[in-house]
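First up is the structure itself, then whatever we jot down about it.
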Amino acid sequence: MGCSGHGDCVSAVGDCASAVGDCASAVGDCASAVGNSASAVGDCASAVGDCASAVGDCASAVGDCASAVGDCASAVGDCASAVGDCASAVGDCASAVGDCASAVGDCASAVGNSASAVGDCASAVGDCASAVGDCASAVGDCVSAVGDCGSAVGDCASAVGDCASPVGDCASAVGDSASAVGDCASAVGDCASAVGDCASAVGDCASCCR
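Whatever position you read off the sequence shown (first residue = 1), add 268 for the working numbering.
As structure tokens, this is what we get:
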């Protein structure tokens, strides 16, 4: 700063005082930003903790899901076996019906042996009815196993969805914290600039009033 007299020196001192005031204000803003950043970091840490817990819950749910899928695979296998047993039982039933028809035919052609033929036919019909009952039971078990499998897969999908929400909240909190730290760094830079301006003004003042 050029200096033409005592008035310029007084003006420079005033400018210096103003710059010091601006610096003090910037330091205050910086302190406030640091405090806000610390709060945001604390909130983020809490959110990260919640996120870790949620991820743990999710991992557990995925484990439960894997177990359920395994149970489902087993149930599907059991179902396939039951369907096979049913097909076999139907075949046995058809054979028994054929045997029964043959026995009735034998009964009609051999009147002398009719009592024996009728007894054999009744036994064959009983076996056929039992085989049909076993087949119906096996089909029922198969339908139940498939239903249980569908329910387990649905529970797994729901658990994965529940996990995704807290992970998203955690990512948002980390972003907010980074923003607060950036704001603080900017305020510190502004403060340093104000201090530099103040030092320059003081130097100009000293030179002027020498």
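For every residue, glycine included, the Cβ atom is placed at its ideal position computed from N, Cα and C.
Output the distance between the C-alpha atoms of Ser-314 and Ser-321, rounded to the nearest integer angstrom.
-> 11 Å
Determine the closest residue to Ser-405 out of Asp-332, Asp-353, Gly-387, with distance taken between C-alpha atoms.
-> Asp-353
Does at least one heavy atom of the ligand GDP sit under 7 Å from the Cβ of Ser-342?
-> Among the components modelled here there is no ligand, and therefore nothing to report on the ligand GDP.
Just how far apart, CA to CA, sit Ala-292 and Asp-283?
-> 14 Å
Backbone CA spacing between Asp-332 and Ser-419 [nearest angstrom] | 13 Å
Taking only the alpha-carbon atoms, compute the straight-line gap between Asp-339 and Gly-345 and give it to the nearest angstrom.
-> 10 Å
Spatial neighbours of Gly-366 in its chain, beta-carbon cut-off 6 Å, leaving aside the 5 residues before and after | none
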